[in-house]
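Only one structure is covered here, and it is reproduced in the block below.
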Amino acid sequence: MAPDIPSPTGETLSSDSPVSLPEYQAPEIDLAEVTPVELLHESDDSRVFRGRWREKDCVLKIVRFESSLEEPSLIWMQCHFSEEPSFFKEYETDPFLRESQAYCRLKAFGLCEKGHIPDFYGLIKNIVLKTQGWEPHLEVFAEDPELPNALVIEFFPNLRPFELSTYSANRADQLRATVVEIHKAGVWHGDIEKRNTKVQEETNRVILIDFDRAVTLPLDSRTETEKDIRGKMANEEVLLLETLAELAEDHKRGKIWSSWYWHYGLWNLPNWTKEDLAAVDVAVRAAAEGTLAAESPLLVHVERPCQDLSYVEWTVSSSDEKDDSPLNW
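The sequence shown begins at 1 in the UniProt record's numbering and counts up one residue at a time.
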């Protein structure tokens, strides 16, 4: 049975019957109203800035239109929905539209005001690349066939990753409750990783960010694909509970052991082949089971006490050569 859905006004809505919910209409913002402060993050498909808008700090996330991407996000979606081609007809694959749709739904349900998801201020569509003050920051988009778009959201200062050094049972409960709430609003985050879960220690808040891989379900639809997404939501909650249990165990140990996947991941390692990743996957699973061989050729983890987890040293080697340089993640 599908879970009940709380509406923005507080009453409970059954997700087994059609829902009439006015969607939030995001205001459009003029880029000229936003002053750039600093570049926070860059990737192939986006640039993320801290800015000033209406006398407050904000985050401006400028996103390439999907047709401008060298590796469209459709590839990512195919990894998750290869068995369900109808997904591509029913749900958005453009990262800007996915994220803006998610924020509109979360805003409509009142979740952006609770402090665990950034507040959503509005959108900037078809950005003028010659906007005064922004020209040098927008040159990277000059050759794109389509103009980029942007989201303007809340800026949280002094954020740290949610990891062993920032773990507490209360913060784990906050993250779990936030994920359950966004699922009840019909939004599947789809990318709950350490990089997207942050802690603001002065307020003891856990904040979930980055919804550009999210899927927002129509609340009045009952298609087979939607059932599949509901299943992925349930799986996301189960995996999160397992991860939080591993973090709790490792926090008691005072070292990273069971929560290796959460802390390190295995993607985007330079010059690594699929065979390398497969071998490391075997080693990590063996370590989690307590059966890692000391002479494992691909992965040696140098453990440090919990209070020093801001620096974790890895030695990665191949069968031919050894690289002793530490990787700081």
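For glycine and all other residues, C-beta sits at the position ideal for the given N, C-alpha and C. Keep in mind that this is a model prediction, so the values were computed, not measured.
One question on the structure: do LEU31 and ILE127 come within less than 9 Å of each other, judged by their Cβ atoms? yes
PHE162: first and last residue of the uninterrupted alpha helix (DSSP H) it sits in: Here PHE162 belongs to no alpha helix (DSSP H), and DSSP marks it neither H nor E.
For ASP210, which residues of its own chain have a beta-carbon under 6 Å away from its beta-carbon, when the five flanking residues on both sides are left out? ASN196
Beta strand (DSSP E) containing GLY231: first to last residue? Here GLY231 belongs to no beta strand (DSSP E); instead the alpha helix (DSSP H) covers 224-253.
For ALA172 and TRP134, the rounded distance between their alpha carbons: 39 Å
Among residues of its own chain, excluding the 5 on either side of VAL48, which ones have a beta-carbon nearer than 6 Å to its beta-carbon? Excluding sequence neighbours, VAL48 sits near LEU40, HIS41 and LYS61.
Nearest to ALA150 (by Cα), restricted to the options GLU28, GLU275, THR223 and LEU164: GLU28
Need the endpoints of the alpha helix (DSSP H) that GLN132 sits in, please. Note, GLN132: premise wrong, no alpha helix (DSSP H); not H, not E.
On the criterion of 16 or more Cβ atoms from any shown chain inside 10 Å, does GLU55 qualify as buried, or is it exposed? exposed
What does a CB cutoff of less than 7 Å around GLU113 pick up in its chain, not counting 5 residues either side in sequence? Take GLU113, set aside five residues on each side of it, and the residues of its chain with a beta-carbon closer than 7 Å to its own are ASP119, in chain order.
For GLN174 and LEU159, I'd like the C-alpha separation in whole angstroms. CA-CA distance, GLN174 to LEU159, rounds to 15 Å.
Nearest CA to the CA of VAL59: which residue from GLU236, SER46 and PHE65? SER46
Please determine whether the Cβ atom of TRP262 lies at a distance below 8 Å from any heavy atom of the ligand SAM. In the structure shown, the ligand SAM is absent, as is every other ligand, since no ligand is present at all.
Report the partner residues of THR35 according to the DSSP bridge assignment. ARG52
Cβ shell of GLY51 (< 7 Å), same chain only, five flanking positions each side left out: VAL34, THR35, PRO36, VAL37, CYS58 and LEU60
Quick test of the definition: if touching needs 3 or more C-beta pairs under 8 Å, does the region 192-208 touch the region 219-234? Touching, no.
Taking the alpha carbon of LEU239 as the point to measure from, which residue in HIS251, TYR24 and VAL180 has its own alpha carbon closest? VAL180
Could you check the C-alpha separation between PRO148 and PRO161 for me, to the nearest Å? C-alpha separation (whole angstroms): 29 Å.
Suppose the cutoff is 7 Å on Cβ atoms and the five residues either side in sequence are ignored; what does the same chain contact list for PHE155 look like? Only ARG50, ASP57, CYS58 and VAL59 meet the Cβ criterion.
Between the CA atoms of ALA26 and ILE124 - distance to the nearest angstrom: 10 Å
Can you tell me the Cα-Cα spacing of ILE256 and MET233, whole angstroms? 27 Å
Which of the three DSSP states is assigned to ASN149 in this structure? strand
Who are the near neighbours of LEU216 in its chain, counting only those whose CB is closer than 7 Å to its CB and skipping five residues on each side? The question names Leu, but residue 216 in the sequence shown is Thr. If we look at THR216 and ignore the five residues flanking it on each side, its Cβ neighbours are GLN101, ALA102, ARG105, GLY186 and VAL187.
Should THR178 go down as buried or exposed, given a rule of 16 or more other Cβ atoms within 10 Å for buried? buried
Do GLU236 and ILE192 have their CB atoms nearer than 9 Å? yes
Inter-residue spacing [alpha-carbon to alpha-carbon] between TYR167 and LYS130: 44 Å
If you count every other CB in all the chains shown that lies within 10 Å of the CB of SER43, and 16 or more means buried, which is it? exposed
Let me know the secondary structure DSSP gives GLN200 once reduced to three states. strand
Name the two residues that bound the continuous alpha helix (DSSP H) containing GLU256. First, the residue type needs correcting, since residue 256 is Ile and not Glu in the sequence shown. Here ILE256 belongs to no alpha helix (DSSP H), and DSSP marks it neither H nor E.
Chain-order list of residues whose beta-carbon lies under 8 Å from that of GLU23 (same chain, five-residue window excluded): CYS104, ARG105 and ALA108
Using only CA atoms, which one of GLY265, ARG213, PRO136 and ARG230 lies nearest to LEU97? ARG213
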